Amino acid sequence: MLDYFAAHPEQSYSLSELSEALDINLASLLSVLQALTDAGYLARHPQRKTYGLGMSLVAAGHAALTRHRVVDRARSELRALAAESEAEFVVSAVAGDSIVILAVEGRGRLPEVWAGQRLPLLPPLGQVFLAWAGTASGEIRRWLDRTAVGAPLPRHLDAAMAVVRERGWSANRDTPARRALGEALARLADAPRDAGLRARVAELVVSLGEDYEVLSVADQERYRLATLSAPVFDQHGTVALALTATGLPELDGARLTALASQLTDVAGVLGKEIGGRPPVLSAG
């Protein structure tokens, strides 16, 4: 099946079209498609119900890169930005219940960040992907349910995502819990099926706390950040990629704001190249 998609990298197909083309019965085909979609190797369009190549293949194969060529452009842009700063820059995307690192540029301080790495998409991680989702999409509900099924959206997360939407970027504090999370993720890469490590990662993510997102920036104040991220929107107004600075030195507020502006400018350029646009969200 993946060979079929690789031969038609720009196309998306419905279930019936794939069944006819591959001569596979619908029941068997649906189970395979579900598994590949859950892993991020295929992506299913929520409105058209069609399947196409997914972001997880970008790190693993050149066929997927044909469909997601913006990743190479992002690498080029971030390489130039990294040369001007003391930071490492990361391109990432959501694949299933994970954030997948697609590319890394620059010389960072964090050896646990690498292309192909998967981070759990658990609150509050991934705010830059969820802030523009809108409650009607169900994405925020699924995000919250990964920690506690049926849990309400915490007030601090709601406020944080509103700030991220308004200013167009997300800034996350570097805290002892965040550093411990990075170390746990590095260990998990060597033992991905270790239930104890997976539980520890989930525990650390939840413990990041209410002050994880920097809600306001004062020019003279000093900030130690874990990440600074900006979204790249696709033609549907969905966050297709996140551009993230990590391994940052301590910054004053003026420098933080300037770097955020540079990052959002790059994200805007990339978005325009793929026909992207920010979504229009209802007031409610």
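Oh and the sequence shown: position 21 is 21 in the numbering used here, straight run, nothing missing.
Ideal Cβ positions, reconstructed from N, Cα and C, are used throughout, including at glycine.
Source: prediction; values computed, not measured.
Asked: Between Trp-169 and Ala-260, how many whole angstroms is the CB-CB distance? I'm expecting something under 8 Å.; Found: 5 Å
Asked: Does the Cβ-Cβ distance between Leu-102 and Ala-115 come in under 9 Å?; Found: yes
Asked: Using the rule of at least 16 other Cβ atoms within 10 Å of the residue's Cβ for burial, across every protein chain shown, is Ser-31 buried or exposed?; Found: exposed
Asked: Under DSSP, the beta strand (DSSP E) around Leu-53 begins and ends at which residues?; Found: 51 to 53
Asked: Compare the C-alpha of Arg-179 against each of Leu-18, Gly-247, Tyr-4 and name the closest.; Found: Gly-247
Asked: Assuming Leu-251 contacts Ala-267 (C-beta within less than 8 Å), just tell me the rounded distance between them.; Found: No, Leu-251 and Ala-267 are not in contact; Cβ-Cβ is about 19 Å, not under 8 Å.
Asked: According to DSSP, simplified to helix, strand and coil, what is Tyr-4?; Found: helix
Asked: Taking the continuous beta strand (DSSP E) assigned at Thr-257, which residues delimit it?; Found: Unbroken run through Thr-257 is the alpha helix (DSSP H), 253 to 273; no beta strand (DSSP E).
Asked: Compare the Cα-Cα distances from Leu-119 to each of Thr-257, Ala-186, Glu-213, Gly-150 and report the closest residue.; Found: Ala-186
Asked: For Ser-207, which three-state DSSP category applies?; Found: coil
Asked: When we look at the beta-carbon of Glu-210 and count the other beta-carbons within 10 Å, is it buried (16 or more) or exposed?; Found: exposed
Asked: What are the uninterrupted segments assigned as beta strand (DSSP E) that are 3 or more residues long and contained completely in the segment 107 to 195, given in chain order?; Found: 118 to 120, 170 to 173
Asked: CA-CA distance, Leu-57 and Ala-226?; Found: 27 Å
Asked: Give the DSSP-derived three-state secondary structure of Val-280 in the structure shown.; Found: coil
Asked: Express the C-alpha separation of Val-232 and Arg-146 in angstroms, rounding to a whole number.; Found: 24 Å
Asked: Does the beta-carbon of Asn-25 have 16 or more other beta-carbons within 10 angstroms, so that it is buried, or is it exposed?; Found: exposed
Asked: Taking the alpha-carbon of Val-289 as reference, which of Leu-81, Arg-107, Leu-121 has the nearest alpha-carbon?; Found: Outside the shown range of the chain, which is 1 to 284, sits residue 289, and nothing can be said about it.
Asked: Buried or exposed: which applies to Ala-21, given that a residue is buried once 16 or more other Cβ atoms fall within 10 Å of its Cβ?; Found: exposed
Asked: Let me know the secondary structure DSSP gives Leu-215 once reduced to three states.; Found: coil
Asked: Compute the beta-carbon to beta-carbon distance between Tyr-41 and Gly-52, rounded to the nearest angstrom, for a pair I have assumed lies under 8 Å.; Found: Not quite, the Cβ-Cβ distance comes to about 11 Å (not below 8 Å), so this is no contact.
Asked: State the Cα-Cα distance for the pair Phe-5 and Glu-273, rounded to the nearest angstrom.; Found: 23 Å
Asked: I'd like to check one pair, Leu-263 with Ala-240: are the Cβ atoms closer than 9 Å?; Found: no
Asked: Using the three-state DSSP reduction, which class does Arg-69 fall into: helix, strand or coil?; Found: coil
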